[in-house]
Amino acid sequence: NGKGSFPVDASLGNAVKIQATRDSLVVHIEKGGPVMVPILLLGFAAVGIFLFKWLQVGRVRVASPSDLTVILSALDLGDEQKAESHARKLSGPVGEMLASAITHFRERKEYVEEVMYEKMLETRPKLEKLLPFLALSAAAAPLLGLLGTVTGMINTFNMITVFGTGDPKTLAGGISEALITTEFGLVVAIPSLLLHAILSRKVKGVLGSMEQTTVAFINGLPGTSQETQFFRKNND
145 NGKGSFPVDA SLGNAVKIQA TRDSLVVHIE KGGPVMVPIL LLGFAAVGIF LFKWLQVGRV
205 RVASPSDLTV ILSALDLGDE QKAESHARKL SGPVGEMLAS AITHFRERKE YVEEVMYEKM
265 LETRPKLEKL LPFLALSAAA APLLGLLGTV TGMINTFNMI TVFGTGDPKT LAGGISEALI
325 TTEFGLVVAI PSLLLHAILS RKVKGVLGSM EQTTVAFING LPGTSQETQF FRKNND
């Protein structure tokens, strides 16, 4: 019938040219030059450390009020074995701290508190281990990107010295290196900073829970009420 569609490129061929300039991720990274290697290594290491620490800290089980009630009730009845057995069920540093305190619960409360505080001091560096690397990645990645920018501009000026400014294509390599390294430096730095903040908050939460557990355990030890009455009588 003589009817049909006729393709029309409204961009007059510019769309095809733009599409041709789009590189794959691998090619894009290669244009960044050798500085891209340490930037990417920092990025992969930061992600790996975050996943490892998230699982490690996430496995730490905190003591609930019901756990402390069971333990303190057992100690009040003189059943040290039951109290320690229940504390051992709390796998991780919290369970170890409570178990250590239970073995010394007949000592002065100040001494028991020191034992629990010592366990907290042992736990802190374990939980905070590798966190400084995330902060290092957040600080170093932009600097490496800046280094790539400098080397890229140096290459650009070298090309200008040799070939002049007549052909923009001869300058594209150095300019690409300068911009891509800065781009990836920020791509690595910003998430690393956020991941460090998330993990630091999670670690502080665990340590804060251990402090609350220590206070609740010390205040709930058998004999607290008698000691309070004794001091009140002396003050009267």
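First residue of the sequence shown? That's 145 in the working numbering, and the numbers climb one at a time after it. Ideal Cβ placement from N, Cα and C applies to all residues, glycine included.
Nearest neighbour of residue i, chosen from the options [CA to CA]
i: I246; options: V214, V350 and K175; result: V214
i: A279; options: K226, F361, V256 and I193; result: I193
i: R345; options: G177, G202, P182 and S217; result: G202
i: Q225; options: H248, R205 and M260; result: H248
i: F188; options: A231, F277, V294 and K270; result: F277
i: K263; options: R250, P237, A322 and E321; result: P237
i: L339; options: A190, N302 and I298; result: A190
i: M180; options: L323, M354 and S336; result: L323
i: G177; options: E327, R250, Y261 and P366; result: E327
i: M354; options: Y261, S229 and E251; result: Y261
i: L184; options: R268, V331 and N302; result: V331
C-beta contact flag for residue i and residue j at 7 Å
i: G329; j: G289; result: yes
i: T325; j: G349; result: no
i: V171; j: E272; result: no
i: I319; j: T305; result: no
i: A282; j: A218; result: no
i: T358; j: A207; result: no
i: S244; j: V259; result: yes
i: L234; j: R205; result: yes
i: A231; j: G239; result: yes
Where residue i falls, given that 16 or more other Cβ within 10 Å makes a residue buried
i: L169; result: exposed
i: F361; result: buried
i: D220; result: exposed
i: T372; result: Because the pLDDT of T372 is 39, which lies under 50, any placement of that residue in the model is unreliable, and the number read from its coordinates should be weighed accordingly. So T372 counts as exposed.
i: G222; result: exposed
i: L216; result: buried
i: I298; result: exposed
i: S210; result: exposed
Rounded distance between the beta-carbons of residue j and residue i, thought under 8 Å
i: T341; j: L186; result: Note on residue identity: the sequence assigns Ala, not Thr, to residue 341. With a Cβ gap of about 17 Å, A341 and L186 do not count as contacting.
i: K197; j: L343; result: 5 Å
i: E321; j: G352; result: The pair is not a contact, with the Cβ atoms about 46 Å apart (cut-off 8 Å).
(request) Would you list, in sequence order, the uninterrupted alpha helix (DSSP H) runs of no fewer than 4 residues that lie entirely inside the stretch 208–277? (result) 209–220, 224–232, 237–247 and 253–272
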